[in-house]
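J.: Structure incoming, see below.
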Amino acid sequence: MAGAVIGGTGFHEGIAGVTREVDTPYGPVQLWHDHTTQLWFVPRHGPGHRVPPHRVNYRAFIWALWQLEVQWILATAAVGSLRRELPPGRVVLVDQFIDWTRCRPHTFYDRDTVVHTDFTAPYCPTLRRLLGRQLAARGLDFVPEGCYVCTEGPRYETPAEVRALSAWGGDVVGMTNVPEVVLAREAGLCYALVAVVTNYGAGLSPGRLDHREVVELMSRVRPELTAAVTATLCEVPPGCVCPPRAQNL
4 MAGAVIGGTG FHEGIAGVTR EVDTPYGPVQ LWHDHTTQLW FVPRHGPGHR
54 VPPHRVNYRA FIWALWQLEV QWILATAAVG SLRRELPPGR VVLVDQFIDW
104 TRCRPHTFYD RDTVVHTDFT APYCPTLRRL LGRQLAARGL DFVPEGCYVC
154 TEGPRYETPA EVRALSAWGG DVVGMTNVPE VVLAREAGLC YALVAVVTNY
204 GAGLSPGRLD HREVVELMSR VRPELTAAVT ATLCEVPPGC VCPPRAQNL
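Note that my numbering numbers the sequence shown so that position 152 is 155, with each residue one more than the last.
Right, dumping it as structure tokens:
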């Protein structure tokens, strides 16, 4: 079984490989394949970062990875911190999520089959453990768990929303992990998220939020983060406690 990287803001630059377009029931999707590592790469926002988070075709690229017999997915995402003790530059190995999106297709099972998927453990514990080891080996500042709140975007949150999301138990906030993690679990693919804190949420810092700061911080951590993610996917052992791969989607 192959592995794949889903890259977010600031992570797609410098990725080498052969481009391949895959036709899916949800439209075509463009992927990159590295023949050296046998890894697939998905630029979540498309070439040139032109697709906003609420318009990403999540079902298309998760379906494509499932069709290509990918089993392991490591995703990266830039996030805002909902807590002062999680400063910019820290990496969070997310273990739970709260879905606060509104207008996105969330499931493969919206036609003839009713499926209720268990989400007690949304993220693969094997990938999270191996990734933690790789991050530690490279001296990256990370925490082994955290709750990701996914908002609709593309706007940033208000200070009132940041306070509310923190009170709910959220640690970081972003715009892309749902329905991505949901679809990966429905497909039976092992999935983990590396969330890089690039800024404090609105109201936790005196200045206004600026997307350029997000891109700059992701650029600084990208080399070590890319190495950690690639090494993790290259050392994944066979077998996992996650639910089995879906036979049909």
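Glycine is no exception: its CB is placed at the ideal position from the N, C-alpha and C atoms.
Are the Cβ atoms of Leu196 and Tyr112 separated by less than 9 Å?
T.: Against a cut-off of 9 Å, the Cβ pair of Tyr112 and Leu196 comes out as no contact.
J.: When the Cα atoms are used, what is the spatial distance from His119 to Glu189?
T.: So the two alpha carbons sit approximately 9 Å from each other.
J.: Going by C-alpha to C-alpha distance, which of Gly191, Arg23, Gly51, Val185 sits closest to Trp69?
T.: Minimum Cα distance to Trp69 is reached at Gly191.
J.: Is Thr201 buried or exposed, if buried means 16 or more other CB atoms sit within 10 Å of its CB?
T.: With 16 or more other Cβ atoms within 10 Å, it is buried.
J.: May I ask you to report which of helix, strand or coil DSSP gives Phe44?
T.: Strand.
J.: For Thr235 and Leu85, which I take to be in contact (beta-carbon distance under 8 Å), what is that distance rounded to the nearest angstrom?
T.: About 26 Å; that fails the 8 Å criterion.
J.: Assuming Phe100 is part of the alpha helix (DSSP H), what are its boundary residues?
T.: Unbroken run through Phe100 is the beta strand (DSSP E), 99 to 103; no alpha helix (DSSP H).
J.: How is the beta strand (DSSP E) around Tyr151 delimited, first residue to last?
T.: Start and end: 150 to 154.
J.: Grouping DSSP H, G and I as helix and E and B as strand, with all else coil, what is His109?
T.: Reduced to three states, the DSSP call for His109 is coil.
J.: With a threshold of 9 Å between beta carbons, is Cys127 in contact with chain D?
T.: As a matter of chain content, chain D is missing from the structure shown, which is built from one protein chain.
J.: Under the assumption that Gly10 contacts Arg47 (Cβ atoms under 8 Å), give the Cβ distance between them as a whole number of angstroms.
T.: Gly10 to Arg47, Cβ: 6 Å. Contact.
J.: What's the call for Asp174, buried or exposed, on a 16-neighbour Cβ count within 10 Å?
T.: It counts as buried.
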